[in-house]
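Q:
2 protein chains.
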Amino acid sequence: MAAAMEDSSNVSEAYPMTGGDGPNSYAKNSIRQKLVVDAAKELLTKTIKQNLDLDICLPCDTFYIADLGCSVGPNTFLSVENILEAVKFEYQSRGLSSQIPEFQAFFNDHTLNDFNMLFKSLPRNRNYYAAGVPGSFYGRLFPKVSIHFFHSSLAVHWLSRVPKDVTEKTSRAWNKGRIHYSNSGDEVVRAYQAQYSEDMECFLHARALETVHRGLVVLTLLGRHNGDSHSLGNVVVDILGSCLMDMARKGVVSEEKVDSFNIPSYCVSPQELEVIVERNGCFSIEALETLVCHFPEHGAKRSASTMRAATEGLIKQQFGEEILDELFSLYQQKIEEQISILEPKKSAIFCVVLKRKTN
Amino acid sequence: MAAAMEDSSNVSEAYPMTGGDGPNSYAKNSIRQKLVVDAAKELLTKTIKQNLDLDICLPCDTFYIADLGCSVGPNTFLSVENILEAVKFEYQSRGLSSQIPEFQAFFNDHTLNDFNMLFKSLPRNRNYYAAGVPGSFYGRLFPKVSIHFFHSSLAVHWLSRVPKDVTEKTSRAWNKGRIHYSNSGDEVVRAYQAQYSEDMECFLHARALETVHRGLVVLTLLGRHNGDSHSLGNVVVDILGSCLMDMARKGVVSEEKVDSFNIPSYCVSPQELEVIVERNGCFSIEALETLVCHFPEHGAKRSASTMRAATEGLIKQQFGEEILDELFSLYQQKIEEQISILEPKKSAIFCVVLKRKTN
Chain A
1 MAAAMEDSSN VSEAYPMTGG DGPNSYAKNS IRQKLVVDAA KELLTKTIKQ
51 NLDLDICLPC DTFYIADLGC SVGPNTFLSV ENILEAVKFE YQSRGLSSQI
101 PEFQAFFNDH TLNDFNMLFK SLPRNRNYYA AGVPGSFYGR LFPKVSIHFF
151 HSSLAVHWLS RVPKDVTEKT SRAWNKGRIH YSNSGDEVVR AYQAQYSEDM
201 ECFLHARALE TVHRGLVVLT LLGRHNGDSH SLGNVVVDIL GSCLMDMARK
251 GVVSEEKVDS FNIPSYCVSP QELEVIVERN GCFSIEALET LVCHFPEHGA
301 KRSASTMRAA TEGLIKQQFG EEILDELFSL YQQKIEEQIS ILEPKKSAIF
351 CVVLKRKTN
Chain B
1 MAAAMEDSSN VSEAYPMTGG DGPNSYAKNS IRQKLVVDAA KELLTKTIKQ
51 NLDLDICLPC DTFYIADLGC SVGPNTFLSV ENILEAVKFE YQSRGLSSQI
101 PEFQAFFNDH TLNDFNMLFK SLPRNRNYYA AGVPGSFYGR LFPKVSIHFF
151 HSSLAVHWLS RVPKDVTEKT SRAWNKGRIH YSNSGDEVVR AYQAQYSEDM
201 ECFLHARALE TVHRGLVVLT LLGRHNGDSH SLGNVVVDIL GSCLMDMARK
251 GVVSEEKVDS FNIPSYCVSP QELEVIVERN GCFSIEALET LVCHFPEHGA
301 KRSASTMRAA TEGLIKQQFG EEILDELFSL YQQKIEEQIS ILEPKKSAIF
351 CVVLKRKTN
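Okay, here's the thing in structure tokens:
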């Protein structure tokens, strides 16, 4: 009976994407995330073809899928649909059409995620039973040995919390004048790395217990290529930080608040990830590939909307709602002045396929 | 693959209780419902002791509970806790403490239910994994043979829709000048009975597929004693109807709207219920008892709040939000004038225990 003990609500902060379906909502500003889901589809299909043992859902005869960090849709529905179709196809192509199981899909995100919006958006003609699961994926969410296929797209780069040291004035890792580790000193980088490593240990520990033996965990994540500097993929976050510093200089926000504000995200390298997975020991890495995403040029305005949908909750909590319009207008202006940074070559999106060992 | 075909969202209307935690919310106005949960606890415990085969959750080793029509809490958490404690106690008292399974609880209600509020209210120290399941319980909600214990408290007296005939001017069952069947002619009563019967057939058909063999379905329901007239348990609904007619006479609402407005609820008798369960054929009735609920005298004001929390959504949809305050103030006044009708002896609350046959 580990549920209460390992319940994640005590160990994690919540940074849900902006809810509802208004102009600044995640639902209306997640087109790039959709392109990532599209790009992952081929690998998902190949993964299921090569790695899925169809007998894993016996004797219950239901195939259980969970999407972690689902936000409010619609991308999460697309991911689940892609998985479901690929599994069904495998049954068909192996001559087992009559044995296709039923499917239940669990949509997970923080308790403060807008589940009302998610449920209202569920596709009406879906071929699965749907359930919402509130809580941090860095803790236990499901009973033991109950999920056949875990999926998560662009969510596990979010840390469970800001590393403590970077907000403490007395610490050597104090991140004064910046809101991220990407252009900061080694101490700050190490604090972020340590938090990521700890979080992923919790993540893998929980998933190892919850995944059916020979079940799959497929994660699409924002990362950085081996050997790349930390700043490469995080240019837009640095621009957001410089906007906040500008506003501090103008007295719109307090400098102290900017000093203590940090975006809790980390871009892992494949090498780092391999070490973490091996240390956990319960999963084999079946694939770890760079996803080729064809992002259209989306301009400064769209960049501002995307950034706002993802970070509005965090910023509101620290600085109040009233600064949002000014901040993102300034951000848009700065991006316009150096539009070339939006070129997609600098971001690295990986897809890793883990298979639960049977030991 | 019956999910899409049997998805309930197409066949049912939604009447969620008032969400949030404001003064008119269900969360703040469900004390009587809590007393019903308390009253059912003893029977629940006895039921589990006498009827639960502990091997039914093998080989998955997780005990799956679903509460249907859960609203926003907190009563639903109490019900789940009561079930969980009784199941654990059975393991312990049969010397199987080391084999106590993990628990997952599914909280179900209409898609428009306030799941955000429900999730925020989940007890922090719970001993189960929680999930929300949106959709009408008159359709399929779960995979086949996946739930060990279904529970529903004061929810299955709500029909899936207003019986069509009672709103049609040309029908013999047209329910002019009334908002319920309780004091209406035989044709209206028959239309409500037919709708209830049809709904419960759908309910039992879906649960029969979803319940693990030898699993239990425990329903607490508002009903009427065998032989009692339909009006006995529905006096307060009739008073609400008379308030609306008064307001129509004063021109505050249109008479036509009152004529076409009907509360979609039905109080079944034990005899009727037995017939429906036997016709379905998949469940044995292990118990069907009258619950003894000790309602405190709660006065006209509390009666108005309780009625409002349960019917506000329905009324808003038909008449608009602006009439709510006046309507329930009038209702309170009328109840005050005949306060003796609140005496609990006139209501009949039953608890029925169904066990899934193994055929």
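First to last, the protein sequences are chains A and B.
Each residue of the first sequence is one higher than the last, beginning at 1 in full-length UniProt numbering.
Each residue of the second sequence is one higher than the last, beginning at 1 in full-length UniProt numbering.
Every residue gets a Cβ at the ideal spot worked out from N, C-alpha and C, and that includes glycine.
Could you check how far apart the C-beta atoms of A:L354 and A:V277 are, in whole angstroms? I think they sit under 8 Å.
A: 7 Å between Cβ atoms; contact.
Q: Using a Cβ-Cβ cut-off of less than 9 Å, give me the residues of the region 133-164 of chain B that come near chain A, in sequence order.
A: Residues passing the 9 Å Cβ filter: V133, P134, G135, R140, L141, F142, P143, K144, V145 and S146.
Q: One question on the structure: do A:V145 and A:F106 come within less than 8 Å of each other, judged by their Cβ atoms?
A: The answer is no: Cβ separation not under 8 Å.
Q: From the DSSP output, in three-state form, read off A:T290 for me.
A: Here A:T290 sits in strand by DSSP.
Q: Of all Cβ atoms in chain B, is any one closer than 8 Å to the Cβ of residue 360 of chain A?
A: Residue 360 of chain A lies beyond the residue range present for chain A, which begins at 1 and ends at 359; the question has no answer from this structure.
Q: So, do the region 218-230 of chain B and the region 318-328 of chain B have three or more beta carbon pairs nearer to each other than 8 Å?
A: Segments in contact, no.
Q: For A:T311, count neighbouring Cβ atoms within 10 angstroms of its own Cβ and tell me buried if that reaches 16, exposed if not.
A: It counts as buried.
Q: Judging by CA-CA distance, which residue of B:L118, B:V237 and B:D67 is the nearest neighbour of B:I335?
A: Of the candidates B:L118, B:V237 and B:D67, the one whose C-alpha sits nearest the C-alpha of B:I335 is B:V237.
Q: According to the neighbour-count rule (16 or more other Cβ atoms, all chains shown, within 10 Å of its Cβ), is A:H294 buried or exposed?
A: Exposed, since its Cβ has fewer than 16 Cβ neighbours within 10 Å.
Q: Under a three-way DSSP split, which group does B:V11 fall into?
A: Legend: pLDDT at B:V11 = 40, less than 50; position of this residue unreliable, no value from coordinates given.
Q: On a CA-only basis, which of B:E90, B:P59, B:M17 and B:H298 is nearest B:K49? Give me that one, please.
A: Ranking B:E90, B:P59, B:M17 and B:H298 by Cα distance to B:K49 puts B:E90 first.
Q: For a cutoff of 8 Å on Cβ pairs, would you count B:E102 as touching chain A?
A: Yes, because at least one Cβ of chain A sits closer than 8 Å to the Cβ of B:E102.
Q: Strictly under 8 Å for the Cβ-Cβ distance: is B:C57 near chain A by that measure?
A: Not one chain A Cβ lies under 8 Å of B:C57.
Q: Grab the span of the beta strand (DSSP E) containing A:P134 for me, first residue to last.
A: Y129 to P134 is the extent of the beta strand (DSSP E) around A:P134.
Q: Could you run through the region 197-218 of chain A and flag, in chain order, every residue whose CB is less than 7 Å away from some CB of chain B?
A: The region 197-218 of chain A vs chain B, Cβ under 7 Å: nothing.
Q: Can you grab the Cα-Cα spacing for the pair B:N75 / B:G177, in whole Å?
A: So the two alpha carbons sit approximately 35 Å from each other.
Q: Tell me whether A:V80 is buried or exposed, calling it buried when 16 or more other Cβ atoms sit within 10 Å of its Cβ.
A: A:V80 is buried by the Cβ-count criterion.
Q: So, A:L204 versus A:N51, is the Cβ gap smaller than 8 Å?
A: Contact: no.
Q: Looking at the structure shown, is B:V162 part of a helix, part of a strand, or coil, going by DSSP?
A: The answer is coil: DSSP assigns B:V162 none of H, G, I, E or B.
Q: Can you name the residues of chain B whose CB is closer than 8 Å to the CB of A:D114?
A: In chain order: N116.
Q: Where does B:N75 fall in DSSP's three states?
A: Residue state, collapsed to three classes: helix.
Q: Could you please give the first and the last residue of the uninterrupted alpha helix (DSSP H) stretch that includes B:S242?
A: Residues V235 to R249.
Q: Would you please state the rounded distance, in angstroms, between the beta carbons of A:C351 and A:L43? I believe it to be under 8 Å.
A: With 8 Å as the limit, A:C351 and A:L43 qualify as a contact, their Cβ atoms being about 5 Å apart.
Q: Using the beta-carbon of each residue, which ones in chain B are nearer than 8 Å to A:K301?
A: Within chain B, no residue comes near A:K301; the closest Cβ sits about 30 Å away, beyond 8 Å.
Q: Any beta-carbon of chain A closer than 8 Å to the one on B:D61?
A: By this cut-off, B:D61 is an interface position.
Q: Just to confirm, is the Cβ distance from B:P101 to B:D165 under 8 Å?
A: Going by C-beta atoms, B:P101 is not nearer than 8 Å to B:D165.
Q: For A:L342 and A:S303, which I take to be in contact (beta-carbon distance under 8 Å), what is that distance rounded to the nearest angstrom?
A: That belief holds up - the Cβ atoms of A:L342 and A:S303 are roughly 6 Å apart, short of 8 Å.
Q: Would you give the residue range spanned by the beta strand (DSSP E) that A:G223 belongs to?
A: That run of the beta strand (DSSP E) goes T211 to G223.
Q: Rounding to the nearest angstrom, what Cα-Cα distance links B:A327 and B:M17 in this structure?
A: Reading off the sequence shown, one finds Leu at residue 327 of chain B, where the question assumed Ala. Computed Cα separation, rounded: 17 Å.
Q: Check the C-beta distance from B:A130 over to B:L122 and give it rounded, since I have them as a contact under 8 Å.
A: Yes, B:A130 and B:L122 are in contact; Cβ-Cβ is about 5 Å, under 8 Å.
Q: One question on the structure: do A:F103 and A:Y128 come within less than 8 Å of each other, judged by their Cβ atoms?
A: Against a cut-off of 8 Å, the Cβ pair of A:Y128 and A:F103 comes out as a contact.
Q: So A:Y129 contacts chain B; which residues on that side make the cut at Cβ distance below 8 Å?
A: Per Cβ cutoff of 8 Å: A3, V133, R140, L141, F142 and P143.
Q: What separation, rounded to the nearest whole angstrom, lies between the Cα atoms of B:M247 and B:A191?
A: Distance between the alpha carbons of B:M247 and B:A191: 27 Å.
Q: Identify the contact partners of B:K120 in chain A, using a Cβ-Cβ distance below 7 Å as the criterion.
A: Result: T111.
Q: For chain A, check one thing: does any of its Cβ atoms lie closer than 8 Å to the Cβ of B:F77?
A: No, B:F77 does not count as interfacial toward chain A.
Q: Report yes if the C-beta distance between A:T211 and A:I285 is below 8 Å; otherwise report no.
A: Against a cut-off of 8 Å, the Cβ pair of A:I285 and A:T211 comes out as no contact.
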